[in-house]
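First up is the structure itself, then whatever we jot down about it.
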Amino acid sequence: MKHNLDKIETIKLANLPTPIEEAKRLAERIGLLKLLIKRDDLTGLAGGGNKARKLEYDFAEIIKNGYDVVLTAGGVQSNHARMTAAAARKLGLDVKLVLGGPDFEIAKGNLLLDILFNAEIRYLVDDDANESLEREMQKWSDELSTKGRKPFIIPIGGSTGLGALGYVKAIEELSHQIKDDNVQIILGVGSCGTFAGAILGAQLFLPSARVIGISVSRSNEAIKKRALELIEESEDIINYKINKSITVECYDNYHIEYGIATDEGKQAINLAANLEGILLDPIYTGKVMAALIDLTKKNIIDKNIPVVFIHTGGMPIIFSFENELGKNINCKKIYPK
Ligand SMILES: Cc1ncc(COP(=O)(O)O)c(C=O)c1O
56 MKHNLDKIET IKLANLPTPI EEAKRLAERI GLLKLLIKRD DLTGLAGGGN
106 KARKLEYDFA EIIKNGYDVV LTAGGVQSNH ARMTAAAARK LGLDVKLVLG
156 GPDFEIAKGN LLLDILFNAE IRYLVDDDAN ESLEREMQKW SDELSTKGRK
206 PFIIPIGGST GLGALGYVKA IEELSHQIKD DNVQIILGVG SCGTFAGAIL
256 GAQLFLPSAR VIGISVSRSN EAIKKRALEL IEESEDIINY KINKSITVEC
306 YDNYHIEYGI ATDEGKQAIN LAANLEGILL DPIYTGKVMA ALIDLTKKNI
356 IDKNIPVVFI HTGGMPIIFS FENELGKNIN CKKIYPK
């Protein structure tokens, strides 16, 4: 039985396929035979990132069914919220964001971009718990419905069985770009949709690949449970069942708390920038690179099998971490005489 993945409607938001680049200097430094970077930071939607692929599915649904306002939620530096706001504007829709995190005076990073997209924002000061964000978003959606609007809620991170199809397709795309199917794919895991999609995509298009998820917030148990739920949802949508037990390989020891930078992550950001001219971020991809370095050192990742690092984006976040990343400046100031 063939799946009907290609029959599920999308709306074009991302520049695809994204390039794949070999990072030779970084590979040598880490001790890997081959390191390929899948540049999903270049999906192009308002600064790029993984969420563009998921949103192509959500917005097809939104447009087809005539919703007139889109709501989503996340932490103050949510890439997903920024890209949802951009996608809504690109398609002429109204957009509302529920964000949460530390109090602020000046908007930076993704929040600054949300403001440029003129998203209406409700901000939960010092509270970015998923339950609080979701409660507030539902309340707002109900208010809008009462006023005769037709709101559509995209869950936190855009992680639904439908959105995850974006990464099933991403792995299909990757399978056309690499010569050797025997690869180790590594990526960050937040709300799990990207990871779930990548696991299902590997089952369908790269069966010899090993998919490794690096948590930025959840425990291994929570990831495994959520990833399997999402995979099942995606399977139902594409009308296809993987008839074998799926192994979910993830590591939850490379973050302290969601949104907090780690020292190893900051070092990894510097390394990728210095050796490859590639920008990682302190909340997601920097931690994944730190994990790749450590897992290779511990021989958990096989040095001799090519690694594909999925660069899921997040660059705007750098501009909200200037206090932590902008300190060691190699810059001699020369004042006018
Ligand atoms: C840059 C970046 N990488 C990885 C992820 C994780 O993706 P997911 O939420 O689908 O697990 C996110 C999610 O927000 C992200 O913004």
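Quick note on our numbering: the sequence shown kicks off at 56 and runs consecutively. Glycine is no exception: its CB is placed at the ideal position from the N, C-alpha and C atoms. Values in this document were obtained by computation on a predicted structure and should not be read as measured data.
{"query": "Cutting at 6 Å between CB atoms, please list the residues of its own chain near D155, excluding the five before and the five after it.", "result": "Residue 155 is actually Gly in this sequence, not Asp. Taken in chain order, the residues that qualify are L179, D182, D183 and L188."}
{"query": "By alpha-carbon positions, which one of F159, E175 and S270 ends up nearest to A345?", "result": "S270"}
{"query": "Would you decide whether F260 is buried or exposed? Buried here means 16 or more other CB atoms lie within 10 Å of its CB.", "result": "buried"}
{"query": "Should H310 be listed as close to ligand 1, given that the test is whether its C-beta is under 8 Å from any heavy atom?", "result": "no"}
{"query": "Beta carbon of Y112: closer than 8 Å to some heavy atom of ligand 1?", "result": "no"}
{"query": "Between L255, K321 and I293, which has its C-alpha nearest S300's C-alpha?", "result": "L255"}
{"query": "Report yes if the C-beta of D336 is less than 8 Å from at least one heavy atom of ligand 1; otherwise report no.", "result": "yes"}
{"query": "Using a beta-carbon distance below 9 Å, is L60 in contact with chain B?", "result": "Absence of chain B from the displayed structure is noted, only one protein chain being present."}
{"query": "For S289 and L326, I'd like the C-alpha separation in whole angstroms.", "result": "36 Å"}
{"query": "Are I240 and A219 closer than 9 Å when you measure CB to CB?", "result": "no"}
{"query": "Is I384 buried or exposed, if buried means 16 or more other CB atoms sit within 10 Å of its CB?", "result": "exposed"}
{"query": "Based on the DSSP output, what are the partners of T127 in its beta bridges?", "result": "L152"}
{"query": "Can you grab the Cα-Cα spacing for the pair A82 / S375, in whole Å?", "result": "28 Å"}
{"query": "How is the alpha helix (DSSP H) around F260 delimited, first residue to last?", "result": "G248 to F260"}
{"query": "What do you reckon, is the C-beta of Y306 under 8 Å from a heavy atom of ligand 1?", "result": "no"}
{"query": "Pick helix, strand or coil for Q193, following the three-state DSSP scheme.", "result": "helix"}
{"query": "Is the stretch 111-125 in contact with the stretch 345-359, if contact means three or more CB pairs nearer than 8 Å?", "result": "no"}
{"query": "Might you give, ordered along the chain, the residues of its own chain that have their beta carbon closer than 6 Å to the beta carbon of L97, omitting 5 neighbours on each side?", "result": "T73 and G103"}
{"query": "If we require 4 or more residues per run, which alpha helix (DSSP H) segments fall completely within the stretch 82-133?", "result": "106-119"}
{"query": "Using a Cβ-Cβ cutoff of less than 8 Å, which residues in the same chain neighbour R94 once the five nearest sequence positions on both sides are dropped?", "result": "T73, P74, I75, E76 and H366"}
{"query": "Consult DSSP for E288 and reduce its assignment to one of helix, strand or coil.", "result": "helix"}
{"query": "Let's test the definition: count the other Cβ atoms within 10 Å of the Cβ of C386 and tell me whether it reaches 16, buried, or not, exposed.", "result": "exposed"}
{"query": "How many Å lie between F172 and K392 at the Cα?", "result": "43 Å"}
{"query": "By Cβ distance below 6 Å, which residues in the same chain neighbour D149 in space, the five residues on each side in sequence not counted?", "result": "V124"}
{"query": "Per DSSP, what kind of secondary structure is V303 in: helix, strand or coil?", "result": "coil"}
{"query": "Hey, is S214 close to ligand 1, as in C-beta under 8 Å from one of its heavy atoms?", "result": "yes"}
{"query": "Looking at ligand 1, does it come within less than 8 Å of K299, judged from the CB to the closest heavy atom?", "result": "no"}
{"query": "Hey, would you say the C-beta of Y295 is under 8 Å away from at least one heavy atom of ligand 1?", "result": "no"}
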